[in-house]
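Residue numbers (UniProt numbering): 1 to 532.
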């Protein structure tokens with residue numbers, strides 16, 4: 001008879017005193033995560049307490065925080081604790097936010113981003129940096145600012161020595177510190193700024209629900225306080241821009257995620273009048289406002305299908321013509337500003353075409369070019385020509401938001417290409433064809449920082465599902481020709497005879513993230529009628 005040996009029993013570490021009293025899950029390292037996040041002293045006593053209620057337990061957390069603050073005040077000056085490490089019950093991570101990092105992030109942001117994110121004047125930001133050791137609100141803003149630059153922009157591509165996960169670490173820090181803040185105890189503009197920066201951080205990290213929460217918080221703060229231009233009297237160049245920045249961000253997010261909006265343009269809304277002292281950033285931001293201005297609540301109701309009122313063809317045609325006028329082909333601005341304007345313009349044109357598809361406005365004999373089924377080919381061509389003229393650094397500055405827009409245009413192009421003949425996919429002589437546009441857009445998605453690991457697999461999955469014969473040519477164009485399964489020519493299966501997936505690029509149907517892909521395939525059930 002065989003006797004099984006018993007496995008050694010693994011003893012779990014005991015919960016600390018604070019976690020045991022609060023009845024929350026404790027972690028093994030000390031100080032534990034719950035205590036650190038709530039600013040509590042993490043210690044474990046050897047004395048066993050009796051079970052049951054131990055005196056007053058109506059507010060255990062308040063009692064523990066009060067005891068911790070009393071102990072902090074009793075620490076002698078010779079203690080190893082750094083001065084200013086604890087403020088308002090929150091213990092900051094030492095050496096996390098170095099002055100060199102703050103200066104580097106500020107230099108990157110204020111030299112590149114003021115044309116698209118005029119959120120905070122440099123002098124106002126420096127005031128918060130000077131106060132961050134004594135004010136938790138200021139500390140939250142500075143940490144959120146640096147986290148925004150690291151997660152939402154192309155900062156890491158220019159500073160390769162910076163740790164790739166530092167942005168997420170800073171985001172965790174500011175989220176922990178924010179739990180100790182009263183958002184109404186600070187000036188409302190400061191609360192709006194912190195909420196908007198957290199919105200951008202979560203967008204950069206792919207946390208869509210958290211991002212929408214903070215965007216709504218920022219717009220709600222604004223509507224509750226109704227800031228006017230007098231609040232910017234110390235910085236006239238920023239007058240009224242906060243309203244328009246929130247409006248642009250909210251409308252772009254609403255179109256992309258089909259969400260409701262809060263801010264509306266009214267006669268009392270701040271104005272952006274041109275002045276003699278306007279620089280390129282001011283001109284670029286006004287163009288961006290003009291681009292998004294007509295995409296109001298009426299359009300979004302049609303877009304989401306929540307209205308019963310019919311939408312005439314003329315409405316979409318006027319929107320298309322507005323986009324063409326808002327960013328004309330001969331616009332002369334720096335590459336950084338043009339990158340966001342051009343990509344946003346072509347993305348919005350794609351959204352209008354998708355809406356026309358949903359409403360059944362497409363025709364083989366359209367009254368306007370934007371109502372043609374092949375119109376995404378023209379959009380892809382315009383986007384390809386615009387981005388060929390722009391530097392890679394100018395596009396990487398705008399981070400994951402710009403990559404996602406290119407991704408949407410590429411997905412829509414793929415759906416339309418599926419309805420073209422083999423000859424219609426190729427180039428003709430010196431003229432580029434749809435396949436050339438698709439290759440270029442794939443190169444942008446895979447080449448820009450943050451796109452290769454997050455959006456390129458989704459895009460290759462879209463191509464593999466819709467146009468499997470083109471996976472080989474696209475892989476070779478992306479420099480993936482050496483990978484197994486990417487060496488086949490046009491017309492060959494992308495997976496070879498054995499049906500194996502391409503290593504390094506997962507485009508299997510079971511792993512596709514449909515929510516991130518273009519919805520145009522679901523909008524055209526009678527797509528065979530357009531096959532050319």
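Every residue, glycine too, gets a C-beta built ideally from N, C-alpha and C.
In the DSSP assignment, residue 191 falls within the alpha helix (DSSP H) that extends over 188-205. Beta-bridge partners assigned by DSSP to residue 250: none are found. Here the region 248-260 lies against the region 299-318, with 3 or more beta-carbon pairs under 8 Å apart. The residue from 42, 393, 352 and 358 with its alpha-carbon nearest to that of residue 409 is 352. Across the set 271, 349, 384 and 32, the C-alpha of 384 shows the shortest separation from the C-alpha of residue 444.
For residue 200, same chain residues with a beta-carbon under 6 Å away, outside a window of 5 residues either side, are 148 and 152 in chain order. Closest by C-alpha distance to residue 294, out of 277, 349 and 375, is 349. When beta bridges are read from the DSSP output, residue 372 appears opposite 363. Between the C-alpha atoms of residue 110 and residue 373 there is a straight-line separation of about 42 Å. With a cutoff of 8 Å on beta-carbon distance, residue 405 and residue 347 are scored as near each other. Counting only runs of 4 or more residues that sit fully inside the region 277-320, the alpha helix (DSSP H) segments are 280-292 and 297-304, in chain order.
Going by beta carbons, residue 143 and residue 101 fall outside the 8 Å limit. In the displayed model, residue 90 falls within a strand according to three-state DSSP.
Judged by their CB atoms, residue 136 and residue 180 are nearer to each other than the 8 Å cut-off.
Bounds of the alpha helix (DSSP H) holding residue 168 are 166-178. Residues of the same chain with a CB within less than 7 Å of the CB of residue 117, apart from the 5 flanking positions on each side, are 245 in chain order.
The Cβ-Cβ distance between residue 203 and residue 195 does not fall below 8 Å. Around the beta-carbon of residue 91, 16 or more other beta-carbon atoms lie within 10 Å, marking it buried.
Around the CB of residue 165, fewer than 16 other CB atoms lie within 10 Å, so the residue is classed as exposed. About 5 Å separates the Cβ atoms of residue 339 and residue 395, confirming a contact at the 8 Å cut-off.
When secondary structure is reduced to three states using DSSP, residue 160 falls in the coil class, being assigned neither helix nor strand.
A distance below 8 Å separates the beta carbons of residue 215 and residue 249. Across the set 266, 456, 411 and 359, the C-alpha of 359 shows the shortest separation from the C-alpha of residue 311.
Taken atom to atom, the span from the alpha-carbon of residue 407 to that of residue 309 is near 31 Å.
Looking at the backbone, the Cα of residue 280 and that of residue 336 are separated by about 10 Å.
Here DSSP, grouped into helix, strand and coil, assigns residue 119 to coil.
By the criterion of at least three beta-carbon pairs nearer than 8 Å, the region 216-226 is not in contact with the region 312-326. With respect to residue 467, residue 417 sits close: the two C-beta atoms are nearer than 8 Å. The three-state reading of DSSP puts residue 271 in coil, since its state is none of H, G, I, E or B. The DSSP-derived three-state label of residue 134 is coil. With a beta-carbon spacing of about 15 Å, residue 240 and residue 115 fall beyond the 8 Å limit used to define contacts. For residue 277 and residue 173, the gap between their C-alpha atoms comes out near 39 Å.
DSSP places residue 264 in the coil class of the three-state scheme, outside both helix and strand. Per the coordinates, the alpha-carbon of residue 159 lies some 39 Å from the alpha-carbon of residue 375.
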